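Just so you know, we're using this note's numbering here: the sequence shown kicks off at 37 and counts up by one. Note that beta-carbon positions come from the ideal geometry of N, C-alpha and C, so glycine has one too. On a predicted model such as this, the values are computed, not experimentally measured, just so you know. I have placed the structure first, in the form of structure tokens, so that the comments after it can refer back to it.
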Amino acid sequence: MLRFGLLGPLVVHDGTGLTPVAGLKVRVLLAALLLQANRVVPKDALKEAMWGERLPSSVEASFANHATRLRRILSATEDNRLLTVAPGYQLLVQDGELDVEVFEARARAAGLAHHAGDWHKVRAESGAALALWRGEPLADLSPFSEDRAPSLRVHQLAEARLQIREWAFDADLHLGRHREICTELAALAAENPLREALHRQLMLALHRSGRQADAFDVFHALRRSLVDELGTQPGAAVHQAYQELLDQEQEQEQAPPARSPSRGPGPGPGEGPGSRPEGAAAAPPPTQLPPSVPEFTGREAETAAVLGLLRRPVTLPDDDGAAGGSDGHRTAAPLRPVVISGMGGIGKTALAVHVARLVRDEFPDGTLYADLRGFSSGGARCAHDLLARFLADLGVRPAVLPDDTDDLATLFRAAVAGRRILLVLDNARDATQVGPLLPPDGPAAALITSRQLLAEVPGVAMVRLRPLGPDEQLTLLSKLCGADRITDEPTALADILTACGGLPLALRIVGGRLASRPSWPLALLAERLTPHRGRLQALAMGSIAVRHTFDMSYLAMRASGNDQEREAARAFRLLGLWQPHAVTSRSAAALLGTTEHDAAAALELLVDANLVHSPEPDAYALHDLLGEYAAQRAAEEVTAPEQESATLRLLTWYARAAATACAVASHETQSPPPLDGPQGPELPVFAEEADALVWTKRELPAIREAITRAGALGRSDIAWRLAVGLFGYATTHWWTGEWDACLRQAMDIAMAHDDRLGRAWLHRRIAVAHGMAGRNEQCLEHLNASLGFFTDAGDELAQASILGNVSSLYVQIGDAERGLAHAERSYELYRKAGNAASEALALSRIADAQEMRGEHDLAAAYYQKVIEALREQRHGVFLATSLTKLGDIHRQLGRREAALEAQAEALAIRRRMNDLGGTADCLAFMARTHHQFGEWDAARACWEQCLDLGLRHGMTQHIERSRGGLAALP
């Protein structure tokens, strides 16, 4: 007699031992037939189960071979079990041969016994059914087990197993085995946080084992989970179990009352005759903390900070200024309310519970806990109801409770006064909700968690949670699914950690998925977590989902009765159009189409709600996962015309801001014509070149994105202005190659839209980029193309600039005469146009040509005039360049002191501007000067500094130049 097993890895037993079933395809074929035992399974369905939707060209022959192999395996008996029956195959299975059928028969018997109250039979049938379970059904048959029909059957079997275990626990409770099942029940309830039956059974088992405090903890944890995740309260069966706990507590209260553990034999602080509120009864200290998170990881600094705030011993002077009273006792300062804030899923509750359990013994009068449901879809809990519950927990009977919330809060503070009580208020909405619940000044403490900062709570101390660091993420994931599970695929592991963004909730979901799917390679999960390709959908397990957690914050703001909060929700949506890039209040004003003041107000509200973080002053960014969520909200709620309008406002702002920065950083003699259209929000203001360079460098990724977006929207006029606007940045950072890439991209867009003005300016700037990199032929090609465009347009100022660039090129390739001719022509056009600011540039080019002709004294005289003009213009980059060249001319004339003086001033300017390429240039020129005058050590020091810069920043030209200079030293 054969026996088949699907309740775990697929097995076949021939009565004497296991029969090997080799080959995944054969095993899948057998499993597909066993799942529909004794029924005809279409051949096409079997082929799809074995190969999926993409069938190989040889599928018919392959299928026939696998079917033959399966028949051979099943030939242990003489019966022909595998029949060919149109339109497919039928596998004959006798009663008792398939473990799934035996399991389900035992389950039915256990259910009938449970209904009849035959608890011994329930235990016997349940045990027999559970003994058949060897592991997750079909666990070794991925990806077949993940297909819809097999996975649904596995889910049904898993649910049946869970139901059987619940019936078995009921039997144990009726048979008095409550102590024996506590550990198993606790683990199973933790695995199923929303399963009410398991939590009810655990409450009863703990209660009947004398662990009343733990039983209460289980109830409160279940209620919080149900409200947060489903917006519902526990059902009648759970409440009936809870009432059993309360009845037992009431019986204990009827015993002679004991004083609060923190009080001595005399009256406590503020206590005297009649000081206890009327109707109050002595009650055991409440212990209401939810269970701690077993895998709690990291947060050492935050834990220490919260502990310090809850334990901090502070001594207040008495009225006479002394540190102690007349009796010599020190006066302890009241503890400040502590708020743990952070984005949804960051682990606020886990930290609060972790810390509260650490200090529980320091609050002997009890620990009160309440989930305020501040962001629940079912609505936040009102302070009045919570105060009533707290008073009841403290022994104040409902019959004496006032109707007014303020009066109720007064009564609560009187009940708490002088007592060492820790109040944990979880998931608070705002300060209005929290205010009435705070204890009075004294030894009681309040620990609050919220997605809001709650800075307006009086005397609050704030601890803000950030995403976990790389080591903490790895530790948490190892705890959740095992270190061995994640070490074999380092690349996929890195991708998974990046996708989770340090969010503990995301890591817990990922860990749960990996633990429950041992056959999954990490690469499969990493692929499903690819950003903007279903990542948020993949970060869900059961009723727990990252998107749902984000929903609670966003939807509460969107549905707010406060106009400013609704505007902040709109801002959050529109920020999703521009993630992952940060914004400032000015760029956000452009995106939102509002004033800078209103944009800043909306952004600050989002920071307070932990939907946006502010890494530095006036900089606002979205966490990676929140950015993807915001983008989804924008796609769902913002119309296409509104998306385009908002994006164009921001792109226009960036084009104008880049032009402003370029004008300051480069002192360019001619700027492109400004964009048409209404002026938007104010542009950034730059006091000097360095400020403009810092801004451009920081915004470069956003500018590159803006060029791409402008091209997609058909706005070539914006795209090329953005690229051309990077000229000022390129004067000091041309060597990075970033500017070249932007110019090429913008030229492609301009060509596609036949934008002649854009092409003219792009040819002009592309030529400059080639010239800076020493690509002379390409430089001349683009200069001539640009000159043709501007000559056709009759733009003499542009022609003067381009002729000056041609002059520089000829000097660079050693043609001094043609260089001088073009420089003089450029100078005359500038004079004709009355552009005095550009005359210095033309004179410098004449000086370069004269230097090459051997007229060093004349070249030095020209450069002295240039430098005088540049000092008045405060043009740092050009001044440094001119000083460097003047210093080199002095070197050639044998004037050591004059050469080094000019070069040292140039080097100081470059370093002040953080111009790495320019700094390397200055060092190279100084090295040559020292070398010429036989100062070998000084020359070597300059070359080594230049080489170090080149190696650290990938500046190939400077690496080669430095190595050549060092090799030339004696």
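- A residue is called buried once 16 or more other Cβ atoms fall within 10 Å of its Cβ, and residue 156, having fewer, is exposed.
- A contact between stretches requires three or more CB pairs, one per stretch, nearer than 8 Å, and the segment 757-768 meets this requirement with the segment 690-699.
- Between the C-alpha atoms of residue 635 and residue 667 there is a straight-line separation of about 19 Å.
- Scanning 212, 233 and 186 for the CA closest to the CA of residue 244 turns up 212.
- Contact between the segment 575-585 and the segment 385-402 is absent, with fewer than three C-beta pairs closer than 8 Å.
- Nearest to residue 483 by C-alpha distance, out of 407, 272 and 421, is 407.
- Check the Cα spacing between residue 860 and each of 872, 478, 848 and 885: the tightest is with 885.
- The beta carbon of residue 617 lies closer than 7 Å to those of 737, 738 and 741 in the same chain, with the five residues before and after it left out.
- Closest in C-alpha terms to residue 846, from the list 588, 882, 280 and 933, comes 882.
- Here residue 781 is buried. Its C-beta has 16 or more other C-beta atoms within 10 Å.
- The beta carbon of residue 47 sits closer than 7 Å to the beta carbons of 41 and 54 from its chain, once the five residues preceding and following it are set aside; these are given in chain order.
- Taking 8 Å as the cut-off, the beta carbon of residue 451 is found closer than this to the beta carbon of residue 432.
- Excluding the 5 residues flanking it on each side, residue 1005 has same chain C-beta neighbours closer than 8 Å at 967, 972, 975, 976 and 979, in chain order.
- Between residue 231 and residue 222, the C-beta gap is not smaller than 8 Å, which leaves the two residues out of contact.
- Closest in C-alpha terms to residue 472, from the list 166, 421, 901 and 391, comes 421.
- Ranked by Cα distance from residue 97, the options 726, 848 and 83 are led by 83.
- In this chain, the alpha helix (DSSP H) harbouring residue 389 covers 384-394.
- If you check the CB distance, residue 818 and residue 803 come in under 8 Å.
- Residue range 481-486 is occupied by the beta strand (DSSP E) that includes residue 484, with no alpha helix (DSSP H) assigned at that position.
- The residue among 248, 345, 330 and 334 with its C-alpha nearest the C-alpha of residue 322 is 248.
- Under DSSP, residue 126 forms a beta bridge with 76 and 119.
- At a Cβ-Cβ threshold of 8 Å, residue 590 and residue 669 count as neighbours.
- Judged by beta-carbon spacing, residue 609 lies beyond the 8 Å limit of residue 700, meaning their Cβ atoms are not closer than that value.
- Secondary structure in the segment 838-906: the alpha helix (DSSP H) runs of 4 residues or longer, each lying completely within the stretch, are 852-869 and 872-888 in chain order.
- Between residue 73 and the set 63, 90 and 137, the nearest pair of CA atoms involves 137.
- In the three-state reduction of the DSSP assignment, residue 40 falls in the strand class.
- A check of alpha carbon separations from residue 918 across 903, 572, 849 and 959 identifies 903 as the nearest.
- Measuring C-alpha to C-alpha distances from residue 455 to each of 402, 439, 550 and 823 identifies 402 as the nearest.
- 8 Å or more divides the Cβ of residue 849 from the Cβ of residue 887.
- Bounds of the alpha helix (DSSP H) holding residue 918 are 912-928.
- About 5 Å separates the Cβ atoms of residue 102 and residue 62, confirming a contact at the 8 Å cut-off.
- Per the C-alpha coordinates, the member of 753, 139, 506 and 720 positioned closest to residue 713 is 753.
- For residue 499, the closest C-alpha among the options 662, 71, 235 and 644 is that of 644.
- Residue 49 sits in a strand when the DSSP states are folded into three classes.
- DSSP places residue 808 inside the alpha helix (DSSP H), whose first and last residues are 792-808.
- One alpha carbon belongs to residue 496, the other to residue 282, and they sit about 34 Å apart.
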